[in-house]
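In our numbering, the protein residues as written are 126 to 418.
We treat Cβ as the ideally placed atom computed from N, Cα and C, and that holds for glycine.
Below you'll find the structure, written out as structure tokens, and then a few comments.
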């Protein structure tokens, strides 16, 4: 999930300017790498060199959050065919020396799905459905759908952010804005366990170095799943994600993550992120702000 952040003045202005103020004409496409095709990038005036591009990616990987946070959200499942469904959820977010922490509760009653996510290079996911504790989600279960949605533990864990095999592809348009684009490849061990996922492309907004879009790719470079940040919301002097769309490119089904209330810049007890306490119910923190649809 994209972290909350304090937006600089230049981003607050740029967020709402016309889409016509993007970079200039396209240049010849980059050479494809190991079978993954590369589309033409946009004008490269001021584009970073290899060393600068590597530094941008490392700074993104090390990006911290400004305090802990709590979100109440909806997961709207929109299949290409069939009826839509709606799931409510809650998310507590924080940070540890090992990486970002998220405690997620989706659904209500007996059908609840409870997850604890520690993102990072050696990230882990725990799952619990009751008050008996939690079990670590095996790597083989990373791509199993959660509660009938296209959301998976892989989407929450985002191990691809820390994959060492990375290539800067240039500056491209993502969500109507210029973004640094990187192609990330898994380790041989991960690739052997999950051959369906050959690479992930990520797009980092050039103004504030935040993740705005990802594309999970197969061996031919065909997108399997796309995640795109659609809308942000400012609460006080902080920004947070308001709407994220997840699209299954094979089926056309979509899942929309939409925040309905948030408390930002708070302090949560470390016990919130203890796996053995995942099955216990927690009350929302104070300072919750409702977000209109």
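Review point. Using the C-alpha atoms, what's the distance from residue 268 back to residue 318?
Key: 11 Å
Exercise for review: Mind reading off the beta-carbon distance from residue 388 to residue 414? Whole number of angstroms is fine, and I expect it under 8 Å.
Suggested key: 7 Å
Review point. Once you ignore the five residues that flank residue 370 on each side, which residues in its own chain have a CB closer than 7 Å to its CB?
Key: 353, 355, 379, 381
Review point. For residue 248 versus residue 196, is the C-beta distance shorter than 8 Å?
Key: no
**Study point:** residue 144 - DSSP class collapsed to helix/strand/coil
**Key:** Below a pLDDT of 50, predicted positions are generally treated as unreliable, and residue 144, at 20, falls in that range; the measurement from the model is reported next regardless. The answer is helix: DSSP assigns residue 144 an H, G or I state.
Exercise for review: Please state if the CB of residue 202 and the CB of residue 216 are separated by a distance shorter than 8 Å.
Suggested key: no
Review point. If you drop the 5 nearest sequence neighbours on each side, which residues of the same chain put their C-beta closer than 6 Å to that of residue 372?
Key: 351, 379
Exercise for review: Apply the 10 Å Cβ neighbour rule to residue 341 and answer buried if 16 or more other Cβ atoms are within range, or exposed otherwise.
Suggested key: buried
Exercise for review: Mind the definition here: the segment 169–186 touches the segment 324–344 only if three or more C-beta pairs lie below 8 Å; say whether that holds.
Suggested key: yes
Exercise for review: List the endpoints of the continuous alpha helix (DSSP H) containing residue 180.
Suggested key: 175–186
Review point. What does a CB cutoff of less than 6 Å around residue 299 pick up in its chain, not counting 5 residues either side in sequence?
Key: 328, 337, 338
Practice item. Classify residue 323 as buried or exposed, calling it buried when 16 or more other Cβ atoms lie within 10 Å of its own Cβ. Key: buried
Exercise for review: Under 6 Å Cβ to Cβ from residue 311, same chain only, skipping five residues before and after it: list those, please.
Suggested key: 288
Review point. Counting along the chain, where does the alpha helix (DSSP H) carrying residue 278 start and finish?
Key: 278–282
**Study point:** Coil, strand or helix - residue 158 by DSSP
**Key:** For residue 158, the pLDDT reaches just 38, beneath the cut-off of 50, and the residue's location in the model is therefore unreliable, although a value from the coordinates is still provided. Correct three-state label for residue 158: strand.
Point to revise | For residue 375, three-class secondary structure by DSSP | key: coil
Exercise for review: Compare the C-alpha of residue 176 against each of 211, 193, 213, 291 and name the closest.
Suggested key: 291
Check your understanding: Quick one: is residue 274 buried, meaning 16 or more other Cβ sit within 10 Å of its Cβ, or exposed?
Key -> buried
Exercise for review: Please list, in chain order, all residues of the same chain as residue 417 whose beta carbon is under 6 Å from its beta carbon, the five residues on each side excluded.
Suggested key: none
Review point. Hey, out of 204, 219, 199, 218, whose CA is closest to residue 211's CA?
Key: 199
Check your understanding: Of all the options 411, 360, 368, 407, which has the alpha carbon lying nearest to the alpha carbon of residue 191?
Key -> 360
Exercise for review: Verify whether the separation of the beta carbon atoms of residue 347 and residue 357 is less than 8 Å.
Suggested key: no
Practice item. Please name the residue in 264, 406, 308 whose C-alpha comes closest to that of residue 315. Key: 264
Review point. The beta strand (DSSP E) spanning residue 324 covers which residue range?
Key: 324–330
Review point. Are the CB atoms of residue 243 and residue 221 nearer to each other than 8 Å?
Key: yes
**Study point:** residue 314 - containing beta strand (DSSP E), residue span
**Key:** It is not in any beta strand (DSSP E) - residue 314 instead sits in the alpha helix (DSSP H) that spans 313–318.
Review point. Where does residue 270 fall in DSSP's three states?
Key: strand
Check your understanding: Can the beta-carbon of residue 293 be found closer than 8 Å to that of residue 178?
Key -> yes
Exercise for review: Please determine, among 335, 304, 375, 390, the residue with the shortest C-alpha to C-alpha distance to residue 321.
Suggested key: 375
Practice item. Can you give me the start and stop residues for the beta strand (DSSP E) that residue 348 sits inside? Key: 348–360
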